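Trainee:
Chains as they are written, first to last, in this note's numbering: chain V, 1 to 307; chain U, 1 to 307.
(1) Whose CA, out of 225(U), 117(U) and 204(U), lies closest to the CA of residue 277(V)?
(2) Going by DSSP, what residues sit across from residue 175(V) in a beta bridge?
(3) With a 10 Å radius around its C-beta and 16 neighbouring C-beta atoms as the bar for buried, classify residue 164(V) as buried or exposed.
(4) Using a Cβ-Cβ cut-off of less than 7 Å, list which residues of the segment 226–244 of chain V approach chain U; keep chain order.
(5) Would you decide whether residue 20(V) is buried or exposed? Buried here means 16 or more other CB atoms lie within 10 Å of its CB.
(6) At a CB-CB cut-off below 9 Å, which residues of chain U make contact with residue 142(V)?
(7) Using Cβ-Cβ distances below 7 Å, what residues of the segment 66–97 of chain V are close to chain U?
(8) How should residue 3(V) be labelled, buried or exposed, when 16 other C-beta atoms within 10 angstroms of its C-beta is the threshold for buried?
(9) For chain U, find out if any of its Cβ atoms is closer than 8 Å to the Cβ of residue 275(V); answer yes or no.
(10) Unbroken alpha helix (DSSP H) runs of length 4 or more, entirely within the segment 257–282 of chain V: which are they?
(11) From this set, 25(V), 130(V) and 142(V), which residue's C-alpha is nearest residue 51(V)'s C-alpha?
(12) I'd like to know if residue 146(V) contacts chain U, where contact means its C-beta is closer than 8 Å to some C-beta of that chain.
(13) Measuring only the C-alpha atoms, how far is residue 160(U) from residue 295(V)?
(14) Can you find the residues in the same chain that come closer than 6 Å, C-beta to C-beta, to residue 63(V), ignoring five residues on each side of it along the sequence?
(15) In the DSSP assignment, find the unbroken alpha helix (DSSP H) run with residue 203(V) in it and report its ends.
(16) What's the gap between the Cα of residue 155(V) and the Cα of residue 260(V)?
(17) Can you name the residues that DSSP bridges to residue 124(V)?
(18) Counting only the same chain and skipping the five closest in sequence on each side, list residues whose C-beta sits under 6 Å from that of residue 182(V).
(19) Cα separation between residue 61(U) and residue 264(U)?
(20) Going by DSSP, name the residue or residues bridged to residue 119(V).
(21) Report back the beta-carbon spacing between residue 142(U) and residue 153(U) to the nearest angstrom; my notes put them in contact at under 8 Å.
(22) Which residues share a DSSP beta bridge with residue 36(U)?
(23) Count the C-beta pairs between the segment 73–84 of chain V and the segment 127–144 of chain V that are closer than 8 Å, then say yes if the count reaches three, no if not.
(24) Ordered along the chain, which non-local residues of its own chain (more than five positions away) have a Cβ less than 6 Å from that of residue 167(U)?
(25) Alpha carbon to alpha carbon, what distance is there between residue 157(V) and residue 65(V)?
(26) Measure from the C-beta of residue 193(U) to each C-beta in chain V and report whether the shortest distance is under 8 Å.
(27) Which residue marks the beginning of the alpha helix (DSSP H) containing residue 16(V), and which one marks its end?
(28) Excluding the 5 residues flanking residue 23(U) on each side, which residues of the same chain have their C-beta closer than 7 Å to its C-beta?
(29) Quick one: using the 10 Å Cβ neighbour count with 16 as the cut-off for buried, is residue 100(U) buried or exposed?
(30) Give me the subset of the segment 116–131 of chain V whose CB atoms are less than 8 Å from a CB atom of chain U, sorted by chain position.
(31) Check each candidate in 199(V), 242(V), 184(V) and 195(V) and name the one with the smallest Cα separation from residue 188(U).
(32) Between which residues of its own chain and residue 169(V) is the CB-CB distance below 7 Å, once the five residues before and five after are set aside?
(33) Mind pulling the chain U residues with CB within less than 8 Å of residue 383(V)?
(34) Taking residue 229(V) as the reference, give the member of 252(U), 243(U), 193(U) and 206(U) with the closest Cα.
(35) Can you tell me which residues form a DSSP beta bridge with residue 6(U)?
(36) Determine whether the Cβ of residue 303(V) lies closer than 8 Å to any Cβ atom of chain U.
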């Protein structure tokens, strides 16, 4: 039997991310005891039935009692108020972390509430699916994915290293990163792709010349991939864009600049430019496959290729 | 044993689409004999080894001799010259079809070459993967996908119905559509999604502030889905955009208009608008799942969820 990294872990928020943390903890005895809390009574009931927490509490304050690690797993906009609520009840010496997709804002809103003697170590597991809620979690979500750790100044190395050990035991790799750089990287690999997918699906939904039935029937020609990403949790993503405004708008500017350049190549009939562009983009795909970050099976394995 | 729909089928072009047609023909004896030709000697050699054609010919003219169905399965820009080359050698009464992603241009460039007594029935199977070449094809590619049939005026109903029967036997559903509407529908469900994916990957590749290594490592946060689509065949896609210019540019206009509206909501902090938008887009995903056009497994089934 493995030794727990933290004796008592409190999960605040019981969605896909927290559920997967709990299941991964159980897989390898990473936590001695897991207590959970969610604002919605329905989520708490579901979690009790699913059984991934040892105790489901009816308040955040109750959940963090005696906890050695407190994980804020709520939408980014809810982190600050939650931190303020639990702050007076945190055990001296405990670690508070979060799983937010944006780091600069979370640090600004959470850090001021953290009492002396408690350490806040922001983190961001770069993993997820299009499903949300307590029943969406599973133990292997973090296997071979990356969790970015964004330590704030003055945090003892031992506390940062312990949180890294926690994530390693959940299956993830970790990398330390500065908050602003984190927010820029995430704008590129996550936030802009989501915004574009939402936009593409919104446009298709809104066309008068093409029926929704046609869009659905013929979606396998490329469109359906965007609908998966655009099925992600609306509250989480609203908060991401509201709080990572600067990096999002900067990257959107780059994106539309590039899109206009391609549009111009189409309009002027510049086949050479298009061909060169479409060839260059293949290299990144190869890199992702080599890094074990995606499957090489056709259509992500959806295509049933005969043996 | 099933009865072939066509006795002799000639496949011109030996990539993913033609290979999958051949494998699906073999699965259910849909064709009596399959002859194939590709311009590249390497593709012809590969096809000989793979064995999905009964005969691989060294010229298009040889391949179409006595053929009852001739399938033009080359990039859209190559269709016209190919049709001109084979026209004098087509068997009277045979059917010529194509698999091009654009229909108005293909009809304009192919139809004038088709001799009296031969019928051209344009078609477009809405299926594919990111892989290309003779070894990318497989028998089930068209199962439960849609093949759009775009009959030209004056084609006898029997010839259109026979091509539909052919596609049904390959596993596909068929729907008849007018050429301009086809090109608009495909701009939405296929061409714009591909252009956007190419753009997103191009932007990420080109950033100086975020390293390519970071983009690759953290790609599971959304970006990697775009890289699959952006790994599609560059020549095919160059031709699609050059030949479906009008519909592409019209839809791009709608897309950027919508993207700017969301960018404005982000800049002004309009959380309500963002939340409403991100909620609305979930409905189309549900429709696609209900129509059996995608898997509901998390992350397209890439996530290994515990039983």
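Glycine included, each C-beta is placed from N, C-alpha and C at the ideal position.
None of the values given here were measured: they were computed from a predicted structure.
Mentor: By the coordinates alone:
(1) 204(U)
(2) 148(V)
(3) buried
(4) 226, 227, 228, 229, 230, 231, 234, 235, 237, 238, 241 and 242
(5) buried
(6) In chain order: nothing, as chain U lies at least about 10 Å away.
(7) none
(8) The residue in question, residue 3(V), is exposed, as its Cβ has fewer than 16 Cβ neighbours within 10 Å.
(9) yes
(10) 271–280
(11) 25(V)
(12) yes
(13) 39 Å
(14) 10, 35, 37 and 57
(15) 192–206
(16) 45 Å
(17) 148(V)
(18) Shown here for residue 182(V): same chain residues with a beta carbon closer than 6 Å to its own, the five before and five after excluded, namely 103, 148 and 150 in chain order.
(19) 57 Å
(20) 95(V)
(21) In fact, because the Cβ distance is near 27 Å, the residues do not count as touching under 8 Å.
(22) 11(U) and 56(U)
(23) no
(24) For residue 167(U), where only same-chain residues beyond five positions count, the Cβ hits under 6 Å are 147 and 174.
(25) Going from the Cα of residue 65(V) to the Cα of residue 157(V) covers about 24 Å.
(26) Put simply, the CB of residue 193(U) is near chain V, with a gap under 8 Å to one of its CB atoms.
(27) 16–27
(28) 52, 137, 138 and 139
(29) buried
(30) Among the residues of the segment 116–131 of chain V, those with a Cβ less than 8 Å away from any Cβ of chain U are 126, 127, 128, 129, 130 and 131, in the order of the chain.
(31) 199(V)
(32) Answer for residue 169(V): 5, 28 and 30, listed in chain order.
(33) Since the displayed chain V opens at 1 and closes at 307, residue 383(V) lies outside it and no answer follows.
(34) 193(U)
(35) Bridge partners of residue 6(U) according to DSSP: 31(U).
(36) yes
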